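Take a look at the structure set out below.
Numbering (my numbering), first residue to last: -13 to 201.
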């Protein structure tokens, strides 16, 4: 009979954070941006799309569309074509235009700096809002949960899983707020470089001693 699964949260959370800090001192948001507005657009485009692809698209997109009004001044079909390769381009184009309208009409052309105000923008959920809040102003309202964060936090016994909302709630409850911005970056770096979904490199994993789902 296999040993019973340990209770969560992992009692080694401090060691996990310390290890991640040491392994990935240069971890950062891998979307390219120069402003809160660009980061907002890039994050909307990143849904179901790789950061690499988004960065390819925004390289030209941010030259063509420099401010919110620019996204409203072209036919939506043109915007759709400009972002087509990111996938789900019709919904993303609608969400971008809704967000731009709200930024212009309600926030004088500036990206708002609170979770509540960001959530009122079209197509902006907690994940997108926290990406902007954390990476621009280091004021996240919680931990950003993407596929890497979800998968690895479960492997480490920090959450029982379920929806992104449930995982975020679990992580918010145990991770010190000072690490809410960086923890996702550390886990994403780890997931892309070592703990890959299809073939985790357990032999070279610094978190192996703390993993509950070892290969």
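All residues carry an ideal CB built from backbone N, CA and C; glycine is no exception.
Note that the structure is a prediction, hence the values are computed from the model and not measured.
query	result
Helix, strand or coil at residue -9 according to DSSP, with G and I counted as helix	For residue -9, the predicted structure reports a pLDDT of 45, less than 50, and the residue's modelled location is therefore unreliable. A value from the coordinates is still provided. Residue state, collapsed to three classes: coil.
Residue 54 versus residue 109: straight-line alpha-carbon distance, rounded	15 Å
Inter-residue Cα distance where the pair is residue 150 and residue 131	6 Å
Inter-residue spacing [alpha-carbon to alpha-carbon] between residue 105 and residue 157	21 Å
Closest Cα partner of residue 57 within the set 46, 32, 49, 86	86
Status (buried if at least 16 other CB within 10 Å, exposed otherwise) for residue 10	buried
Local Cβ density within 10 Å of residue 1, reported as buried at 16 or more and exposed below that	exposed
Other residues of its chain near residue 171: CB distance less than 8 Å, five sequence neighbours each side excluded	10, 13, 14, 15
Spatial distance of residue 136 from residue 180 (CA atoms)	15 Å
Terminal residues of the alpha helix (DSSP H) in which residue 134 lies	133 to 141
Pairwise C-alpha distance: residue 103 and residue 178	32 Å
Spatial neighbours of residue 192 in its chain, beta-carbon cut-off 6 Å, leaving aside the 5 residues before and after	5, 9
Beta-carbon spacing of residue 65, residue 37 below 7 Å	no
Where residue 18 falls: helix, strand or coil (DSSP)	coil
Cβ-based burial, residue 190 [other Cβ within 10 Å; buried from 16]	exposed
Sub-7 Å separation of residue 129 and residue 169 beta-carbons	yes
Boundaries (first-last residue) of the alpha helix (DSSP H) holding residue 63	62 to 69
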